[in-house]
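Student: So for the sequence shown, the numbering used here puts the first residue at 396; every next one is plus one.
Beta carbons are placed, not taken as given, at the ideal position from N, Cα and C, and that holds for glycine.
Please read all numbers here as calculations on a predicted model, not as lab measurements.
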Amino acid sequence: MIAQVILDIAHEQINTVYDYFIKPVDIQHIKKGMRVMVPFGTSDTLRMAFVYNIIETSDSAKKYVEEVIDIKPIVDDEFFILFDALTQDPNVLISDVMQTLLPKIFWMSYQHVVQASDLSQIPDEFVHKFNKRLEWVIKDKDKSHLYKLKKLEQQGIVTIKRHVSKRNIQTYETWIELKEPEIRKNDSQLKIIQHLLTYGNTSKKELLAQYSKSSIQWLIDHEAIKEFLVEKRIDHHKFNRNQQIKTGSNISLDNQPIDLSKHQIYALKGYRNESIELRNQIFNQVLSQGKKIFIMVPERFMIETTKDALIKNFPNELWIELPSELSDKELYLRYNQIEESQEKIIIGNKKALFTQMHHLGLIYIVDANDSTHQTFEGLYYDAVELAKLKGRHLNIPICLEADTYSVSVYQDILNGNVVDLSEDLIDDEKHITIVDMKKELMEGHTKMISRYLEEEIKISLLNHQKVLLILNHKSYAPFVMCRTCSYVPKDPETGIALNYSEKNHMLYSHMTKHQEPFQKTCPVCGKPTIKSVGSGLEQLEKYIKELFPLESILRVDQDSLSNRKLYQYIMNDSKERIVIGTQMALKTSWVNTFNLVGILMADQWLKVPRYQAYEDSYLMLKKSKQLALNHLVIQTYDPLHFVIKDLNKEVDFYQEELSNRKISKLPPFRNLLQIKLLGMSYLKTYQHAFVIKEKLTEMGLQVLGPAQSVKLKENQHYQVLLTVKYQHLEPRMYSLLKSNEQIKIKIVPDIIWY
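Structural data, given as structure tokens:
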């Protein structure tokens, strides 16, 4: 028998599986998904590896697996399905995929602990190996018994757990229990006894925080209290069990096409009260079957706000959060809790999707349209698509919650591939005013806020109502220019105009991180006439303070969303009545919060050079409308654009956009694959791209390019782009996209490079 293994080495030359013979003694218990030690290289250095597959024969196997570390696999088939999806790209490092799918703590050393409940059922040869806690910590000399122990586990006599070695993580903590409360004691010791009588067993750490160490030690020495060890656990979210779970009363599951027993994709417009009731009923149905729910949110800050919004409806359930920045220790403990089926509702962002969740009954994706569900840096993946793959494997439903459906989801609903749970719900009617900024200019008004919007802000503030203003540019201005000779400072690497930040008087590039000090004197003509052009959030904040000097302002952008002050505003504890922000403000849970919402420059979304620009603009404007309690004001230079005109006519928008996409052979009618080639020589890189284009064209694929990237170089390598439109890809196509020594190739199933 042969074990195909993956080595934990990040190197292009070792980016494959390796074949090793399995020793006869290990054949019975080695399984796919276990960790092993294998000799590697000319010096046969022992390396930790991961069993990818077990096969009968191999021509390349030369050495034997030295040691099988695990008693049972640490991952199941779901892991390998996701692994295969992420390694379709021939240039992806397998080690990167492994680190994405598995927390690095699983690559650390750990012990196996055999837990018994009744020693009378344990074979005599093993009884003496168990300690007072009925645990047997497996050592190297015990590994010959692994096969017998596995049989005992299958019979339900023992359970086998993994514990990370104590040099990596502390898995136990000391607790105190009361033994002899009547023993003579002083006042300080009496308080400790009273604490234990009132609250029961307590961690020693908690007692030491309230009482003196000497008093606690005296009681231990005189056997009034006793120390014992318990497995250290993460605090979970548990609430008053006397509360009644709230369920929807207006929508019946009997009238909805929901089947939780099979894989099906559902779509739900999540902000309406009726949709919230339906969501709660679905959750109750899943939980009543003893299954778990995984809620995936796009942003880290949304974990807390989403949980808070749901807790009042599910106070009796145990919750666990899986934010991406957990330490190894915290992550390990939370993985253990999930594996042991304690928590029923798991909430996290895209990284949490890779957690193994036994008895999972539903994957619920919040803001399914949000591009943050995709990872663009490092290993590319789309967590929504991987969630669908996971749901298909587990044969469970997926629910895509969005305020407004994407064009692709709408087409899938028409084709019967997605079930619309909101088809009978009527959109809220709100007052929308469109301000033509060209007319404002013609009438001599050049300010960033129109006269109409300024007047509406004044009225709202006089009535003590809240106002939200959106301008989707974070800095002070998009660029600066000399008013004498038209010189514009540009990024030396990309040739793109530098943004201006007045706060620190710097010019900077978002693409290359290049920055330089702002100077009013032009280096070309020598005149002190360099000034900002265009508007940004910094400039808006300055202008609003001038208009309303007595009003405090809350600013919301990507840098402030983790700010405690913002969270207080979400919880309606803040005094600010004017909020300004980028599109990040639209990711909050502020539905029907603001009397007035103003979009200062809708054209900033409409004119972005992306094929999804109109769709993104429409989704943003619809979200803005939902945040407005009464009135939405849109400032634009293109008031007759169909995206703006059809804001209250969803079907008209979808028909127009789908018609345009069909003519252009764009998603959802064709799939896209973008190819980026990087090389030291521009000519050789371009020629290689052209060869790839010719070969892909021969396969019947439509290929656009080669085209020079806007950012000409990346790490001293020239960049050339190809875009492929296709319905189905042949596996042999990927062999053409393999990097070589001179040309590196990257591919993504979307357009992300320009």
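Does DSSP put residue 1066 in a helix, in a strand, or in coil?
Tutor: Three-state DSSP puts residue 1066 in a strand.
Student: Can you tell me whether DSSP reads residue 619 as helix, strand or coil?
Tutor: Here residue 619 sits in coil by DSSP.
Student: Compute the beta-carbon to beta-carbon distance between residue 451 and residue 431, rounded to the nearest angstrom, for a pair I have assumed lies under 8 Å.
Tutor: Wrong, their Cβ atoms sit about 18 Å apart, outside the cutoff.
Student: Buried or exposed for residue 527, going by 16 or more other Cβ atoms inside 10 Å?
Tutor: Exposed, by the Cβ-count rule.
Student: With 16 as the cutoff for other CB atoms within 10 Å, does residue 1027 come out buried or exposed?
Tutor: Per the 10 Å Cβ criterion, buried.
Student: Might you give, ordered along the chain, the residues of its own chain that have their beta carbon closer than 7 Å to the beta carbon of residue 414, omitting 5 neighbours on each side?
Tutor: Cβ neighbours of residue 414 beyond the five flanking positions: 397, 399, 453, 455, 456.
Student: Tell me where the beta strand (DSSP E) around residue 894 begins and ends.
Tutor: Taken as a continuous stretch (DSSP letters only), the beta strand (DSSP E) holding residue 894 covers 894 to 896.
Student: Pair every Cβ in the stretch 1069 to 1088 with every Cβ in the stretch 1105 to 1121, then say whether three or more of these pairs are closer than 8 Å.
Tutor: Contact holds: three or more Cβ-Cβ distances are below 8 Å.
Student: Can you tell which of 655, 706, 1004 has its C-alpha closest to the C-alpha of residue 686?
Tutor: Answer by Cα proximity: 655.
Student: For residue 1086, name the three-state secondary structure that DSSP assigns.
Tutor: In the structure shown, residue 1086 sits in a helix (DSSP, three-state: H, G or I).
Student: For residue 516, collect the residues of the same chain with a Cβ closer than 6 Å to its Cβ; drop the 5 residues on either side in sequence, then sort them by chain order.
Tutor: Contacts found: 552.
Student: Helix or strand or just coil, what does DSSP make of residue 1181?
Tutor: An answer regarding residue 1181 cannot be provided, because it is not within the stretch 396 to 1149 covered by the chain.
Student: Cβ atoms of residue 759 and residue 690: under 9 Å apart, would you say?
Tutor: Yes, the Cβ-Cβ distance between residue 690 and residue 759 is below 9 Å.
Student: Excluding sequence positions up to five away, which residues of its chain have a Cβ less than 7 Å from the Cβ of residue 745?
Tutor: Only 691, 768, 770, 778 meet the Cβ criterion.
Student: Assuming residue 795 and residue 661 are in contact, meaning their beta carbons sit under 8 Å apart, how far apart are those beta carbons, in whole angstroms?
Tutor: With a Cβ gap of about 7 Å, residue 795 and residue 661 count as contacting.
Student: Run through DSSP, which three-state label would residue 993 get?
Tutor: The answer is strand: DSSP assigns residue 993 an E or B state.
Student: By DSSP's criteria, residue 441 is part of a beta bridge. Which residues make up the other side?
Tutor: Paired residues: 434.
Student: Could you tell me whether the Cβ atoms of residue 925 and residue 948 are closer together than 9 Å?
Tutor: No, the pair does not count as a contact, with Cβ atoms beyond the cut-off.
Student: Scan the stretch 870 to 952 and note each continuous alpha helix (DSSP H) run of 4 residues or more that stays entirely inside, going in chain order.
Tutor: The stretch 870 to 952 contains these whole alpha helix (DSSP H) runs: 932 to 942.
Student: If you scan the stretch 742 to 796 from start to end, which runs of the beta strand (DSSP E) of 3 or more residues do you find wholly inside it?
Tutor: DSSP runs (the beta strand (DSSP E)) wholly in the stretch 742 to 796: 755 to 760.
Student: Over what stretch of residues does the alpha helix (DSSP H) that includes residue 520 continue unbroken?
Tutor: Run containing residue 520: 519 to 522, per the alpha helix (DSSP H) assignment.
Student: To the nearest whole angstrom, what separates the beta carbons of residue 917 and residue 882, a pair I think is in contact under 8 Å?
Tutor: Between residue 882 and residue 917 the Cβ distance is about 5 Å, and since that is below 8 Å, they are a contact.
Student: Write down the C-beta distance between residue 867 and residue 1000 rounded to the nearest angstrom, noting that I regard them as a contact closer than 8 Å.
Tutor: Correct: roughly 7 Å between the Cβ atoms.
Student: Using a Cβ-Cβ cut-off of 6 Å (strictly less than) and excluding sequence neighbours within five positions of residue 1049, which residues of its own chain qualify?
Tutor: Cβ neighbours of residue 1049 beyond the five flanking positions: 805.
Student: Between which two residues does the beta strand (DSSP E) containing residue 689 stretch?
Tutor: Its beta strand (DSSP E) spans residues 687 to 691.
Student: Taking the beta carbon of residue 846 as the centre, do at least 16 other beta carbons fall within 10 Å, making it buried, or is it exposed?
Tutor: Exposed.
Student: Check whether the stretch 478 to 493 touches the stretch 1119 to 1136, counting contact only when three or more Cβ pairs, one atom from each stretch, lie closer than 8 Å.
Tutor: A contact exists between the stretch 478 to 493 and the stretch 1119 to 1136.
Student: With respect to 8 Å, is the separation between the Cβ of residue 432 and the closest non-hydrogen atom of the ligand FAD below this value?
Tutor: Among the components modelled here there is no ligand, and therefore nothing to report on the ligand FAD.
Student: Give me, in chain order, the residues of the same chain whose beta-carbon lies closer than 7 Å to that of residue 642; leave out the 5 immediate sequence neighbours on both sides.
Tutor: With a pLDDT of 38 at residue 642, under the threshold of 50, the predicted position of this residue should be treated as unreliable, though the coordinate-derived value follows. So the qualifying residues of the chain are 675, 676, 679.
Student: Quick one: using the 10 Å Cβ neighbour count with 16 as the cut-off for buried, is residue 920 buried or exposed?
Tutor: The residue is exposed, with fewer than 16 neighbouring Cβ atoms inside 10 Å.
Student: Here's the rule: buried if 16 or more other CB atoms are within 10 angstroms of the residue's CB, otherwise exposed. What is residue 839?
Tutor: By the 10 Å Cβ count, residue 839 comes out exposed.
Student: Report the option in 507, 474, 605, 659 whose CA atom is closest to the CA atom of residue 496.
Tutor: For residue 496, the nearest C-alpha among the options comes from 474.
Student: Please return the same chain residues whose Cβ sits closer than 6 Å to the Cβ of residue 1037, not counting the five positions on each side in sequence.
Tutor: These residues qualify, in order along the chain: 1051.
Student: Kindly confirm or deny that the stretch 694 to 705 and the stretch 849 to 856 touch, where touching means at least three C-beta pairs closer than 8 Å.
Tutor: Because the criterion of three Cβ pairs below 8 Å is not met, the stretch 694 to 705 and the stretch 849 to 856 do not touch.
Student: Looking only at C-alpha atoms, which of 614, 904, 508 sits nearest to residue 571?
Tutor: Residue 571 has its Cα closest to that of 614, out of 614, 904, 508.
Student: Rounded to whole angstroms, what's the CA-CA distance from residue 1016 to residue 1047? Just pull it up for me.
Tutor: Going by the C-alpha atoms only, they are around 15 Å apart.
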